[in-house]
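Participant: The numbering of the sequence shown is this note's numbering, which starts it at 165 and goes up by one.
Positions of the beta carbon are idealized from the N, C-alpha and C atoms, including for glycine.
Since the structure is predicted, the reported quantities are computational estimates derived from the model, not experimental observations.
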Amino acid sequence: MKDLLRTADLSRADVELLLDTAADFAKNPLRSSGALANQSVAIYMTKSSTRTRLASETAVAHLGGHPMFLRGDDLQIGRGETIADTARVISGFASALIVRTFAQSDVEELGKWATIPVINALTDDDHPTQLLADWITIREVFGKDISGRKFTYIGDGNNMANAWMTMGAILGAHVVVATPGGKWAPKADAIATAQRIAASSGGKIEVLTDPEGAAKGSSVIYSDVWMSMGDPEEVRSEKLKALAPFAITKNLMDLASSDSIFMHCLPAHRGEEVSAEVIDGPKSVVWREAYHRRTTIQAILYHLNRGELMGNI
Ligand code: CP
Ligand code: NVA
Numbered sequence: 165m166k167d168l169l170r171t172a173d174l175s176r177a178d179v180e181l182l183l184d185t186a187a188d189f190a191k192n193p194l195r196s197s198g199a200l201a202n203q204s205v206a207i208y209m210t211k212s213s214t215r216t217r218l219a220s221e222t223a224v225a226h227l228g229g230h231p232m233f234l235r236g237d238d239l240q241i242g243r244g245e246t247i248a249d250t251a252r253v254i255s256g257f258a259s260a261l262i263v264r265t266f267a268q269s270d271v272e273e274l275g276k277w278a279t280i281p282v283i284n285a286l287t288d289d290d291h292p293t294q295l296l297a298d299w300i301t302i303r304e305v306f307g308k309d310i311s312g313r314k315f316t317y318i319g320d321g322n323n324m325a326n327a328w329m330t331m332g333a334i335l336g337a338h339v340v341v342a343t344p345g346g347k348w349a350p351k352a353d354a355i356a357t358a359q360r361i362a363a364s365s366g367g368k369i370e371v372l373t374d375p376e377g378a379a380k381g382s383s384v385i386y387s388d389v390w391m392s393m394g395d396p397e398e399v400r401s402e403k404l405k406a407l408a409p410f411a412i413t414k415n416l417m418d419l420a421s422s423d424s425i426f427m428h429c430l431p432a433h434r435g436e437e438v439s440a441e442v443i444d445g446p447k448s449v450v451w452r453e454a455y456h457r458r459t460t461i462q463a464i465l466y467h468l469n470r471g472e473l474m475g476n477i
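1. Please report the residue range of the alpha helix (DSSP H) in which residue 313 lies.
2. For the alpha helix (DSSP H) holding residue 179, just list the boundary residues, first then last.
3. Just grab the DSSP bridge partners of residue 387 for me.
4. For residue 248, I'd like the list of residues in its chain whose CB is within less than 6 Å of its CB, leaving aside the five on either flank, ordered along the chain.
5. Name the DSSP beta bridge partners of residue 233, please?
6. Starting from residue 505, follow the beta strand (DSSP E) in both directions and report where the run begins and ends.
7. In this structure, what does DSSP give as the bridge partners for residue 370?
8. Can you tell me whether residue 209 sits near ligand 2, meaning its C-beta is under 7 Å from at least one heavy atom of the ligand?
9. Any idea what DSSP makes of residue 280, helix, strand or coil?
10. Could you spell out where the alpha helix (DSSP H) holding residue 450 opens and where it closes?
11. Pull up the distance between the alpha-carbon of residue 351 and that of residue 267, whole angstroms please.
12. With a threshold of 7 Å, establish whether the CB of residue 294 neighbours any heavy atom of ligand 1.
13. Could you pull out every residue in the same chain whose Cβ sits closer than 8 Å to the Cβ of residue 325, ignoring the five residues on either side in sequence?
14. Taking all protein chains shown into account, decide if residue 390 is buried (16 or more other Cβ within 10 angstroms of its Cβ) or exposed.
15. Which class does residue 239 belong to by DSSP, given the choice of helix, strand or coil?
16. Relative to ligand 1, is the shortest distance from any of its heavy atoms to the C-beta of residue 213 smaller than 7 Å?
17. What number of angstroms, rounded off, separates the C-alpha of residue 190 from the C-alpha of residue 396?
18. Is residue 331 near ligand 2, in the sense that its beta carbon is under 7 Å from a heavy atom of that ligand?
19. Assuming residue 478 is part of the alpha helix (DSSP H), what are its boundary residues?
20. Run through the DSSP bridge pairs and tell me what residue 438 is partnered with.
21. Among all the DSSP beta bridges, which residues are the ones paired with residue 168?
22. What residue does the alpha helix (DSSP H) around residue 263 start on, and which one ends it?
23. Compare the beta carbon distance of residue 259 and residue 469 with 8 Å and say whether it is the shorter of the two.
24. Following a CB-centred definition, is residue 418 positioned closer than 7 Å to any heavy atom of ligand 2?
25. Anyone know if the C-beta pair for residue 228 and residue 206 falls short of 8 Å?
26. Near residue 197, which residues of its chain fall below 7 Å by C-beta distance, leaving aside the five closest residues on each side in sequence?
27. Under 8 Å, with one C-beta from each stretch per pair, do the stretch 233 to 246 and the stretch 411 to 427 reach the 3-pair mark?
28. Between which two residues does the alpha helix (DSSP H) holding residue 402 run?
29. Along the alpha helix (DSSP H) that carries residue 376, what are the first and last residues, could you check?
30. Buried or exposed: residue 256, going by 16 or more other Cβ atoms within 10 Å of its Cβ?
31. Among 211, 215 and 188, which residue has its Cα nearest to the Cα of residue 429?
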């Protein structure tokens, strides 16, 4: 496996390896501080980022490399240079390319032409690096035995909903996604991919429109913003109205299991998708989750560069 372009690229064994290594990087951040010595990693983003940028730059530094941060309009790509040409040039300088942008197809095009590993750091469709941070956090709380547990995402059927279903499927989890449905439902192909993976992993995928039913008995309640980067402003009022019943409140958390936790990839909007009482309350693990963005990106860089991820083919 050369690139991490989609969550579904990862096999169960890859995820286990990455989570184990990330746990090690949490204990000993500088364990492999020569792995990228005298090498650069390009980090190219056409959307805003706090956590992913901080985590990526720190991960590269901890591996002994030099992060080169490139904003969308820094490159000639914004003036019409092709993705293929850009990928080939970056490959001559950097040892890996971490990329955040809108279209999933652009990240796949970069992966096709780059001779170095390309890592998806969020697209409109997916957010694979986030899901690794989420699952190492889940394991810190509940351990590796997830039998009988339910892992629930409630909110917009966006990139996070897609990635949540897919990673849960890879790990054989019982995953629930509750959205308002219709145009705010997860994409049909994302549901189909997760269901296909779940069929062989022993996982279970439920896609619902009932937030209370979804929350009931869950070990994890996960939320994300209702307006994602790139969502058109014109849809805001209609979308927020449709999503209002999907806000994570104390009442909704009370339906979850007694040992339940609240998770959120962040940034959060208190008073929209989650109440301050929940995200700042005792069940919230969002700061640990954010911390693990570094340990997991460090693990991805480490293993991809060594050619140690097998992929699921
Ligand atoms: N969760 C996440 O990707 O955060 P940023 O958008 O701040 O990178
Ligand atoms: N769904 C959000 C996730 C941010 C980390 C977005 O795409 O903006």
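Facilitator: With the given structure in hand:
1. Note, residue 313: premise wrong, no alpha helix (DSSP H); not H, not E.
2. 176 to 191
3. Residue 387 is bridged to 428.
4. Same-chain partners within the cutoff: 277.
5. 207
6. Within the shown structure, residues of the chain are numbered from 165 to 477, placing residue 505 beyond reach of any answer.
7. 340
8. For ligand 2, not one heavy atom lies less than 7 Å from the Cβ of residue 209.
9. Here residue 280 sits in coil by DSSP.
10. 450 to 469
11. 14 Å
12. yes
13. 317, 319, 341, 343, 350, 354 and 388
14. buried
15. coil
16. For ligand 1, at least one heavy atom lies less than 7 Å from the Cβ of residue 213.
17. 38 Å
18. no
19. No statement about residue 478 is possible, as the shown extent of the chain runs from 165 to 477 and does not include it.
20. 412 and 434
21. For residue 168, the pairing in a beta bridge is given by DSSP as 283.
22. Segment 260 to 264 is the beta strand (DSSP E) holding residue 263; no alpha helix (DSSP H) there.
23. yes
24. no
25. no
26. 226, 227 and 228
27. no
28. 400 to 407
29. 375 to 379
30. Answer is exposed; the Cβ neighbour count stays below 16.
31. 215
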